[in-house]
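Residue numbers (the numbering used here), protein chains in the order written: chain A, 194 to 412; chain B, 194 to 412; chain C, 415 to 633; chain D, 415 to 633. Glycine included, C-beta positions come from ideal geometry on N, C-alpha and C. Note that the structure is predicted; figures quoted are calculated from it, not measured.
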């Protein structure tokens with residue numbers, strides 16, 4: 194039941210064609226060591242679910258530059274010109290999803306819901322191909338759940354059970370992604386013994402976390 | 194912007210025919226002072242949303258005994274015989290809702306969703322009158338959002354902004370209810386000054402809380 | 415065996431089904447006893463649907479914390495490495511398939527794997543609580559109950575009471591045997607040698623198919 | 415006025431719309447400046463959609479905390495009495511109408527209150543980020559922008575760019591005036607006396623209706 198693995202072992206689990214969710218918001222709360230290990234691997238044709246594609250030299254953006262993705266679902270790609278270039282030139286399929294809808298789709302995927310109705314995107318290009326339902330006179334889009342083979346997330350600390358605690362704005366998409374993948378790998382700054390975390394402070398229960406990568410350096 | 198009120202003032206806001214959500218799970222995390230003030234008031238014909246109807250002498254069950262409710266939505270009424278009696282004898286309309294569905298309906302109501310699809314209850318009496326939708330070959334019920342005029346919730350502590358922190362199993366339905374009412378009244382054991390709570394520990398942001406009742410006794 | 419011995423016998427056999435690392439939800443009553451019989455060499459995490467993982471034993475007298483109660487409202491403890499959360503998260507975890515095993519009692523189970531356990535029309539209507547969500551979400555559903563009620567079969571061709579879930583039950587464990595739900599119906603995997611197979615069939619409304627690997631029940 | 419003065423003028427006028435106790439979300443760019451002009455006697459809470467309420471000023475050099483960043487990825491601070499949360503909760507708060515005011519920029523707004531601000535097909539596709547959710551959820555939508563782009567009108571009879579939201583805009587504040595969206599279209603409430611009404615109309619694609627209470631714009 195030891196959940197600790199190295200970044201290299203985490204990356205080695207991800208096979209060609211897999212779908213991955215990557216936590217973080219403009220590189221805040223992103224699993225950098227796991228991303229670096231993936232960048233060094235030969236893996237390709239991945240599908241990515243993430244809030245944004247970071248920067249060309251930071252966060253998940255490094256993997257975009259390495260052309261690891263066949264498809265990307267994100268709410269914002271404006272900070273990484275390479276994503277836009279690949280999209281424009283047809284090299285990568287890029288799907289823009291409203292941020293709240295993406296977060297809720299991932300939550301629905303992790304929490305066993307078959308979909309949800311949101312007013313976001315009604316009357317816009319986001320509506321295309323989706324069922325519009327009217328509830329109490331207001332229009333909503335039926336949005337479907339999203340799951341992935343892997344969730345690559347980040348937290349401040351973990352205990353050995355995989356319980357995760359956060360600080361500041363690190364949470365963002367990490368908690369919803371934790372539940373929505375077949376295999377969830379959490380990179381953390383430090384792993385502490387069972388009992389060292391207050392159960393009131395845990396944001397992601399260890400039950401949702403399969404593996405932990407510790408980023409603590411010898412510094 | 195002072196959010197402090199007395200239990201009596203909280204109760205006085207609730208008018209005949211109003212809908213109220215009451216937090217708590219078998220009286221753990223229930224706003225007892227506000228309930229007692231309501232029990233003493235003349236208010237009637239209320240609609241109640243709650244996990245369970247507590248006991249005849251504890252929690253929201255006291256209000257059931259006082260016949261304050263015209264309609265009750267709850268997942269469990271077995272610990273309060275009076276609820277069952279009123280239901281059987283047609284004195285009160287009692288609607289049984291699966292616990293997870295009720296929590297999610299309230300979350301949807303508070304978070305602006307028009308509904309959600311859940312597998313819970315497919316093929317049972319809960320399905321009656323609801324739209325069944327098939328997504329990727331699996332059947333789901335379309336459940337609609339729930340909102341109320343008042344959310345009467347409980348937390349361990351509040352700061353003066355209305356930020357709420359919890360301990361143990363006190364949370365239960367309280368966080369989802371906080372967002373789902375026009376007026377949210379939180380009863381807490383203690384109110385602390387702004388700045389005394391760590392923003393990482395806040396479970397319900399003060400933005401969702403209109404009034405605070407402090408239960409601190411002089412003991 | 416008297417009633418208590420019978421219940422403990424069933425609970426012991428259920429405990430053998432649990433695997434190291436499982437997240438397990440135990441219903442009220444007989445299922446709660448299962449926690450007492452988990453072998454030392456298996457680490458099992460008990461989930462309490464009112465809001466935590468890491469349910470521990472009953473506290474010593476005088477050390478009860480009223481904020482830490484189980485889904486039956488009884489004072490319990492949380493083990494080191496546990497985590498608290500709210501009802502929407504709790505049922506998200508349940509509905510999303512993150513609970514490996516749920517153990518529940520039943521009024522009736524039929525050979526289509528349907529289960530009835532939340533009401534007897536006109537008599538007893540406690541409500542479904544979290545049972546419908548647990549039945550639709552848990553990866554494995556074990557019904558732990560006495561084989562008959564006042565001599566009447568509970569394993570039916572077709573449930574006559576309102577269903578709690580359709581096609582949900584995986585395994586039934588009674589004092590007479592272990593019965594798996596398969597497309598062909600009830601398959602007897604193990605029998606308690608205190609009973610003959612004929613006696614077990616006589617106590618069962620539907621036909622019992624005998625497993626090719628039928629063996630004696632051990633606890 | 416140079417560009418900076420123009421932007422500050424607009425931001426100052428927007429700040430006058432905010433009320434004591436408001437929860438406010440400011441978009442990137444010009445809207446961010448609004449925070450600098452909130453009068454001392456009003457307490458406004460800024461929400462950052464990546465996960466907190468209580469956004470404070472830029473930290474002093476050397477005191478940056480990389481875990482506390484705004485939705486533009488810049489290091490910021492959290493004020494006492496703030497609260498952190500995840501993206502699903504953040505957008506629940508937004509979609510659920512708990513944000514009183516959102517201030518965004520736009521490429522175009524039309525007289526049906528439609529807004530386009532997330533892409534120019536074939537040229538610039540940064541993505542909608544949280545804008546679609548903010549536009550559908552916030553109680554009041556203020557567009558803060560320069561009245562024209564390179565001399566071309568941005569207040570249109572009909573948006574030509576892909577819409578971010580339909581019928582969502584309440585108020586437009588530019589360096590030329592304050593324009594309310596009403597069923598009849600653009601209604602000029604205030605004009606900057608540096609311009610004549612004719613000049614403002616000339617810079618606007620759609621007809622401007624003059625408010626019966628038309629007055630000079632003050633900041």
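For residue 220(A) and residue 380(D), the rounded distance between their alpha carbons: The structure shown does not extend to residue 380(D), since chain D spans only 415 to 633, so no value can be given for it.
Output needed for residue 562(C): all residues of its chain with C-beta closer than 8 Å, excluding positions within five of it in sequence on either side, in chain order. These residues qualify, in order along the chain: 568 and 617.
For the stretch 454-463 of chain D and the stretch 530-537 of chain D, state whether three or more C-beta atom pairs, one from each stretch, are separated by less than 8 Å. The answer is no - the stretch 530-537 of chain D does not touch the stretch 454-463 of chain D, with fewer than three Cβ pairs under 8 Å.
What does residue 304(A) reach in chain C if we use C-beta pairs closer than 7 Å? Those are 506, 509 and 510, listed as they occur along chain C.
Entirely enclosed beta strand (DSSP E) segments - the stretch 429-491 of chain D, minimum 3 residues: Segments of the beta strand (DSSP E) lying fully in the stretch 429-491 of chain D: 437-440, 459-462 and 466-470.
Roughly how far, in whole angstroms, is the beta-carbon of residue 605(D) from the beta-carbon of residue 631(D), given that I think they are within contact range, below 8 Å? Here residue 605(D) really is in contact with residue 631(D); their C-beta atoms are around 6 Å apart, less than 8 Å.
Exposed or buried, what is residue 278(A) when buried is set at 16 or more other beta-carbons lying within 10 Å of its beta-carbon? Classification for residue 278(A): exposed.
Neighbourhood of residue 495(C) by C-beta distance below 7 Å, restricted to the same chain and skipping five residues each side: The answer, listed in chain order, is 468.
Closer than 9 Å by beta-carbon distance: list the chain C residues that pair up with residue 363(A), in chain order. None at all; the shortest Cβ gap to chain C is about 17 Å.
At 8 Å on the CB atoms, spell out the chain C contacts of residue 341(B), in chain order. Neighbours of residue 341(B) in chain C, taken as residues at a C-beta separation under 8 Å, are lacking, since the least C-beta distance is about 16 Å.
How would you list, in chain order, the residues of chain B whose beta-carbon sits under 8 Å from the beta-carbon of residue 580(C)? The contacting residues are 315, 316 and 317.
Span of the alpha helix (DSSP H), counted from its first residue to its last, around residue 241(A): No alpha helix (DSSP H) contains residue 241(A), which is instead part of the beta strand (DSSP E) from 239-242.
Are residue 452(C) and residue 485(C) close, meaning C-beta to C-beta below 8 Å? Taking 8 Å as the cut-off, the beta carbon of residue 452(C) is found no closer than this to the beta carbon of residue 485(C).
Taking the alpha-carbon positions, what's the residue 364(B) to residue 501(C) distance? Using only the alpha carbons, I get a separation of about 7 Å.
Can you give the Cα-Cα distance for residue 309(B) and residue 299(B), rounded to whole angstroms? Rounded to whole angstroms, residue 309(B) to residue 299(B) spans 11 Å at the Cα level.
Using only the alpha-carbon positions, how far apart do residue 447(D) and residue 476(C) sit? Computed Cα separation, rounded: 57 Å.
Output, in chain order, the set of chain E residues within a Cβ distance shorter than 9 Å of residue 270(A). Among the protein chains of the structure shown, namely A, B, C and D, there is no chain E.
Does any C-beta atom of chain A lie closer than 8 Å to the C-beta of residue 382(B)? Chain A, which has no Cβ nearer than 8 Å to the Cβ of residue 382(B), makes this no.
With distances taken between CB atoms, is the gap from residue 424(C) to residue 594(C) smaller than 8 Å? No, these two residues do not count as a Cβ contact at 8 Å.
Go to residue 267(B), then tell me how far its beta strand (DSSP E) extends in each direction, as first and last residue. Looking at the DSSP string, the run of the beta strand (DSSP E) that includes residue 267(B) is 262-267.
Using CA atoms only, rank isn't needed, just tell me which of 339(B), 321(B), 325(B) and 306(B) is closest to residue 240(B). Looking at 339(B), 321(B), 325(B) and 306(B), the one whose alpha-carbon comes closest to that of residue 240(B) is 339(B).
Is the beta carbon of residue 275(A) less than 8 Å from the beta carbon of residue 287(A)? Inclusion of residue 275(A) and residue 287(A) in the CB contact set at 8 Å is not warranted, their separation being larger than that value.
With distances taken between CB atoms, is the gap from residue 294(B) to residue 314(B) smaller than 8 Å? In this structure, residue 314(B) lies closer than 8 Å to residue 294(B) by Cβ.
Here's the rule I'm using: 16 or more other beta-carbon atoms within 10 Å means buried, otherwise exposed. How should residue 250(A) be labelled? Around the beta carbon of residue 250(A), fewer than 16 other beta carbons lie within 10 angstroms, which makes this residue exposed.
May I have the straight-line CA-CA distance separating residue 411(A) from residue 381(A), to the nearest angstrom? With a pLDDT of only 43 at residue 411(A), under 50, the local geometry of the prediction cannot be trusted, and no value is derived from it.
Determine, for residue 265(B), whether the minimum Cβ-Cβ distance to residues of chain D falls below 8 Å. No, because no Cβ of chain D sits closer than 8 Å to the Cβ of residue 265(B).
Where does residue 503(C) sit, in a helix, a strand or coil, going by DSSP? DSSP, reduced to helix, strand and coil, places residue 503(C) within a helical segment of the structure shown.
Whole beta strand (DSSP E) elements within the stretch 497-546 of chain C, 3-residue minimum: With a minimum length of 3 residues, the continuous beta strand (DSSP E) runs that stay inside the stretch 497-546 of chain C are 515-518 and 522-524.
Nearest to residue 202(A) (by Cα), restricted to the options 233(A), 212(A), 361(A) and 223(A): Per the C-alpha coordinates, the member of 233(A), 212(A), 361(A) and 223(A) positioned closest to residue 202(A) is 233(A).
Below-8 Å beta-carbon distance, residue 367(B) vs any chain D residue: False, the Cβ-Cβ gap to chain D never drops below 8 Å.
Residues bridged to residue 322(B) by DSSP? Beta-bridge pairing links residue 322(B) to no other residue.
Per DSSP, residue 348(B) forms a beta bridge with which residues? 381(B).
Label residue 254(A) either buried or exposed according to how many other C-beta atoms from any shown protein chain fall within 10 Å of its C-beta, with 16 as the threshold for buried. Buried: at least 16 other Cβ atoms inside 10 Å.
Residue from 199(A), 213(A) and 205(A) whose Cα sits closest to the Cα of residue 343(A): Measuring C-alpha to C-alpha distances from residue 343(A) to each of 199(A), 213(A) and 205(A) identifies 213(A) as the nearest.
Just to confirm, are residue 490(C) and residue 470(C) a CB contact at a threshold of 8 Å? Closer than 8 Å, so yes.
Output yes if chain A places a C-beta closer than 8 Å to the C-beta of residue 346(B); else output no. Judged by the 8 Å Cβ criterion, residue 346(B) is not in contact with chain A.
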